[in-house]
Amino acid sequence: MIFYFSGTGNTRWAAETLAQATGEHLLFIPEEQQGRCEYTLTEGERIGFVFPTHGWQPPRIVRNFIKKMHINNAKGHYCYALTTCGDSIGVTMAILNGDLRKVGLPEATGLFSLVMPESYVCLPFMYTDTPEKEQRKIARAQEQLKEFSRMIVNREEGEVHIRKGPAPWTMSHVVGSYFNGRMVTDKKFTVDAEACIHCGKCEKVCPTGDVSLADGLPTWHHDGSCTCCLACYHHCPKHAINFGKITRRRGQYYFGHEG
Ligand SMILES: Cc1cc2nc3c(=O)[nH]c(=O)nc-3n(C[C@H](O)[C@H](O)[C@H](O)COP(=O)(O)O)c2cc1C
Numbered sequence: 013m014i015f016y017f018s019g020t021g022n023t024r025w026a027a028e029t030l031a032q033a034t035g036e037h038l039l040f041i042p043e044e045q046q047g048r049c050e051y052t053l054t055e056g057e058r059i060g061f062v063f064p065t066h067g068w069q070p071p072r073i074v075r076n077f078i079k080k081m082h083i084n085n086a087k088g089h090y091c092y093a094l095t096t097c098g099d100s101i102g103v104t105m106a107i108l109n110g111d112l113r114k115v116g117l118p119e120a121t122g123l124f125s126l127v128m129p130e131s132y133v134c135l136p137f138m139y140t141d142t143p144e145k146e147q148r149k150i151a152r153a154q155e156q157l158k159e160f161s162r163m164i165v166n167r168e169e170g171e172v173h174i175r176k177g178p179a180p181w182t183m184s185h186v187v188g189s190y191f192n193g194r195m196v197t198d199k200k201f202t203v204d205a206e207a208c209i210h211c212g213k214c215e216k217v218c219p220t221g222d223v224s225l226a227d228g229l230p231t232w233h234h235d236g237s238c239t240c241c242l243a244c245y246h247h248c249p250k251h252a253i254n255f256g257k258i259t260r261r262r263g264q265y266y267f268g269h270e271g
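Here the numbering used here is used: the first residue of the sequence shown is 13, the next is one more, and so on.
Written out as structure tokens, the structure reads:
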């Protein structure tokens with residue numbers, strides 16, 4: 013089983029590639045969390061967690077799901093985790109394993125990080141990558157993912173290409189905790205009513221069902237479900253959605269977009 017989350021498609025692509033290589037099925041965390049979250053593994057089945065790094069931690073939605081989930085026969089099964097990131101992950105994997113330990117699940121022993129195009133643009137120094145850099149990152153990720161797939165199929169253990177970055181503990185536990193506690197919110201999204209063409213793309217792509225059109229314009233429900241994955245921002249064909257004022261002149265990206 014592969015439990016995954018993705019906002020702008022990088023991680024979906026990685027999870028789908030792993031599903032093909034392992035023959036194991038994909039479970040999308042935002043859908044799974046609506047149900048009982050109880051699972052039984054087949055003999056020898058692997059447990060995979062595949063998610064983007066958010067603020068040098070696993071995204072809140074992934075951590076909340078782990079608290080809720082139960083696997084009836086997890087003991088002895090190989091567990092692995094792959095996180096995609098724009099640059100570095102800090103101690104994301106240690107945090108994930110702490111969460112797994114707390115609920116009695118086996119720790120992930122195969123640990124992989126995959127650098128992909130940047131999706132976070134809501135801070136002064138954060139931009140999408142140039143098209144050339146996006147292409148370079150994806151080309152490299154394609155090669156690495158082949159290697160990761162082979163290792164996961166063979167149930168290999170260890171940290172592989174883990175990009176912790178500078179001051180990893182501080183980035184995850186100090187900066188990341190502030191980020192995920194205070195800056196993951198849907199309250200800062202705005203819509204330019206003149207630019208909006210009422211296409212409903214934002215509603216369709218929001219993985220948590222947090223956006224719907226009211227009088228033709230996107231509205232965010234403020235129900236605590238937003239993970240700030242920025243799918244609504246990046247997919248808007250008119251760049252009519254922004255996060256405060258800061259993203260007005262920032263780029264847009266999603267996996268598989270053209271140009
Ligand atoms: C809210 C948020 C926080 C992010 N934090 C980090 C981070 O701490 N380190 C990093 O390298 N990339 C970070 N990123 C970039 C994403 O991890 C990266 O672009 C990822 O591949 C996006 O995956 P997705 O397309 O499946 O949503 C962040 C992106 C978002 C939306």
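Ideal placement from N, C-alpha and C gives every residue a C-beta, glycine not left out.
Here the structure is a predicted model, which is why all the values come from computation and not from measurement.
Rounded distance between the beta-carbons of residue j and residue i, thought under 8 Å
i    : j    : result
G122 : G170 : 7 Å
T20  : L242 : 7 Å
Q264 : T140 : 7 Å
C248 : K213 : 6 Å
S125 : R175 : 5 Å
L229 : V203 : 5 Å
Q45  : K80  : 7 Å
N22  : F267 : 5 Å
H173 : Q147 : 19 Å between Cβ atoms; not a contact.
Proximity of residue i and residue j at Cβ, strictly below 8 Å
i    : j    : result
L281 : H246 : The question about residue 281 has no answer here: the residues shown for the chain are numbered 13 through 271.
G256 : G67  : no
P70  : T104 : yes
I107 : S18  : no
I73  : T220 : yes
P136 : I253 : no
D14  : A33  : The question names Asp, but residue 14 in the sequence shown is Ile. No, they are not a contact pair.
A120 : F63  : no
L53  : A86  : yes
Y90  : R162 : no
W232 : F191 : no
V127 : A151 : no
For residue i: DSSP bridge partner residues
i    : result
G122 : Y92 and G170
V203 : I253
F40  : Y16
H66  : Q69
P230 : L225
V127 : C97
H82  : E50
I59  : C91
From the options, residue whose alpha carbon lies closest to that of residue i
i    : options                   : result
K199 : Y51, V223 and N76         : V223
E57  : I164, T182 and G228       : I164
S100 : A205, P230, A179 and D235 : A179
F77  : I150, C240 and V115       : V115
I41  : Y16, F61, R24 and L53     : Y16
T29  : R261, V196 and E159       : E159
E43  : H233, R261, C218 and W181 : C218
I59  : T182, R75, L94 and G47    : L94
D227 : H234, C208 and D235       : C208
V133 : Q156, R148 and G98        : G98
K250 : G268, E206, M138 and K149 : E206
E55  : C49, G47, R48 and E36     : E36
H194 : A31, C240 and L117        : Going by the sequence as given, residue 194 is Arg instead of His. The option with the nearest alpha carbon to R194 is C240.
D111 : G236, A31, R260 and R75   : R75
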